[in-house]
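Student: Next up is a structure, given as structure tokens.
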Ligand SMILES: *[C@@H]1O[C@H](CO)[C@@H](O)[C@H](O)[C@H]1NC(C)=O
Ligand SMILES: [Ca+2]
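Residue numbers (mature numbering (1 follows the signal peptide of the UniProt record, and there is no 0)): -19 to -1, 1 to 232.
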């Protein structure tokens, strides 16, 4: 059972690594003032720039999804620059043409992310003005997911996963350690839900092992090594006996 849990962990990590690569990061600066399409049910990250030190530059990026789709945005990083009184970097988010959230002003809020943002339209625009010229390009990171609402309790696409909150997301975004539904039901371990692998078994095994203490762990490790050496010696002895027998018969 424990080996199985370890196997599952490796499988899940391999899956999420691939899923992580498949989820694209779009840099606003390299798509300055452009519109880019977002796959229906898909997900990705938005960042300001791969690396830059440009001063006082404004760029916006519009993500456009199929009609009927909506966006869920959360910040996984938020670290705008401040001059002590106000944030010198500005981030604005528009739902279709409507301004949704604007950067707060005031010294200490520049590192406090805006809450979760859910659009009602199928386009979202992120506009950013870099107010300072430092080399810090890690200003913010937005995780987005595109979802549709289920119709009569059903998702329209067979490759969709239905969240508990009636949103439909792409199956690929299930069990990838990111909350794409908004209620985290795509990461649920329950059989009737997303049925993601339960890693707590493996965690318990590891913590039980570590709680044994150093002496016990060394004891177990030495024991295992001795056992392996014994097995190797036994195999060698057996082989030698067989060879001798074989040689004797040949003579
Ligand atoms: C993008 O739009 C902003 C604001 O409308 C403008 O100030 C900026 O010069 C534009 N940048 C480019 C590269 O088009
Ligand atoms: Ca997910």
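Glycine included, each C-beta is placed from N, C-alpha and C at the ideal position.
(1) Only counting the same chain, and skipping five residues up and downstream in sequence, which positions put a Cβ closer than 7 Å to that of residue 58?
(2) Give me the DSSP bridge partner(s) of residue 141.
(3) What are the boundary residues of the beta strand (DSSP E) that includes residue 28?
(4) At a cut of 8 Å, does the stretch 10 to 18 reach the stretch 39 to 50 through at least three beta carbon pairs?
(5) DSSP on residue 127, reduced to helix/strand/coil?
(6) By Cβ distance below 6 Å, which residues in the same chain neighbour residue 49 in space, the five residues on each side in sequence not counted?
(7) Listed in chain order, which residues are found with a beta carbon closer than 5 Å to a heavy atom of ligand 2?
(8) Name the DSSP bridge partner or partners of residue 241?
(9) What residue range is occupied by the uninterrupted beta strand (DSSP E) comprising residue 42?
(10) Does residue 13 come out as helix, strand or coil in the three-state DSSP assignment?
(11) Does the distance from the C-beta atom of residue 149 to that of residue 164 stay below 8 Å?
(12) Helix, strand or coil for residue 63 per DSSP?
(13) Am I right that residue 62 and residue 110 are in contact with their C-beta atoms under 8 Å? What's the rounded C-beta distance?
(14) Give a single yes or no on whether residue 249 has its beta carbon closer than 7 Å to a heavy atom of ligand 1.
(15) How is residue 169 classed by DSSP in three states: helix, strand or coil?
(16) For ligand 1, I want to know if residue 73 counts as a neighbour, meaning its beta carbon is within less than 7 Å of at least one of the ligand's heavy atoms.
(17) What span of residues does the beta strand (DSSP E) with residue 105 cover, start to end?
(18) What is the rounded straight-line gap between the Cα of residue 138 and the Cα of residue 132?
(19) In whole angstroms, give me the CA-to-CA distance for residue 203 and residue 213.
(20) Return helix, strand or coil for residue 212, following the three-state DSSP convention.
(21) Is residue 55 helix, strand or coil when you go by DSSP?
(22) Less than 7 Å between C-beta atoms, sequence neighbours within five positions excluded: which residues of the same chain meet that for residue 91?
(23) In the DSSP assignment, the beta strand (DSSP E) including residue 7 goes from what residue to what residue?
Tutor: Concretely, from the data shown:
(1) Numbered from 1 along the chain shown, position 77 holds the residue referred to as residue 58. So the list reads 119, 121, 122, once near-sequence residues are dropped.
(2) In the chain shown, the residue the question calls residue 141 occupies position 160. 151.
(3) The sequence position of residue 28 within the chain shown is 47, counting from 1. From DSSP, the beta strand (DSSP E) with residue 28 extends over 24 to 28.
(4) Touching, yes.
(5) Counted from its first residue, the chain shown places residue 127 at position 146. Note: residue 127 maps to strand in three-state DSSP.
(6) Position 68 of the chain shown, counted from the start, is the residue given in the question as residue 49. Taken in chain order, the residues that qualify are 129.
(7) Qualifying residues come out as 154, 157, 159, 161, 167.
(8) Lying outside -19 to 232, the shown extent of the chain, residue 241 is not represented and no answer is given.
(9) Along the chain shown, read from residue 1 onward, the residue named residue 42 stands at position 61. Its beta strand (DSSP E) spans residues 38 to 45.
(10) As a first step, residue 13 must be located in the chain shown, where it is residue number 32. Reduced to three states, the DSSP call for residue 13 is coil.
(11) Walking along the chain shown from the start, residue 149 turns up at place 168. Walking along the chain shown from the start, residue 164 turns up at place 183. No; because the gap between Cβ atoms is not below 8 Å, this pair is not in contact.
(12) Here residue 63 refers to the residue found at position 82 when the chain shown is read from its first residue. Reduced to three states, the DSSP call for residue 63 is strand.
(13) Here the question's residue 62 lines up with position 81 in the chain shown. Here the question's residue 110 lines up with position 129 in the chain shown. Contact flag wrong, Cβ pair sits at about 11 Å.
(14) Residue 249 cannot be examined here, being either before or after the span of the chain that is shown, -19 to 232.
(15) In the chain shown, the residue the question calls residue 169 occupies position 188. Note: residue 169 maps to coil in three-state DSSP.
(16) Residue mapping note: residue 73 aligns to position 92 of the chain shown, counting from 1. Residue 73 has its Cβ no nearer than 7 Å to any heavy atom of ligand 1.
(17) Here residue 105 corresponds to residue number 124 of the chain shown, with the count starting at 1. If you look at residue 105, you'll find it in the beta strand (DSSP E) that goes 104 to 111.
(18) Position 157 of the chain shown, counted from the start, is the residue given in the question as residue 138. Position 151 of the chain shown, counted from the start, is the residue given in the question as residue 132. Near 11 Å, if we compare the C-alpha coordinates of residue 132 and residue 138.
(19) Here residue 203 refers to the residue found at position 222 of the chain shown. Here residue 213 refers to the residue found at position 232 of the chain shown. For the pair residue 203 and residue 213, the Cα-to-Cα distance works out to about 15 Å.
(20) Position 231 of the chain shown, counting from 1, holds the residue named residue 212. Helix.
(21) On the chain shown, residue 55 is found 74 positions in, with the first residue counted as 1. Note: residue 55 maps to strand in three-state DSSP.
(22) Locating residue 91 in the chain shown gives position 110, where the first residue counts as 1. Contacts found: 61, 62, 63, 68.
(23) For the purposes of this step, residue 7 is identified with residue 26 of the chain shown, where counting begins at 1. 6 to 8 is the extent of the beta strand (DSSP E) around residue 7.
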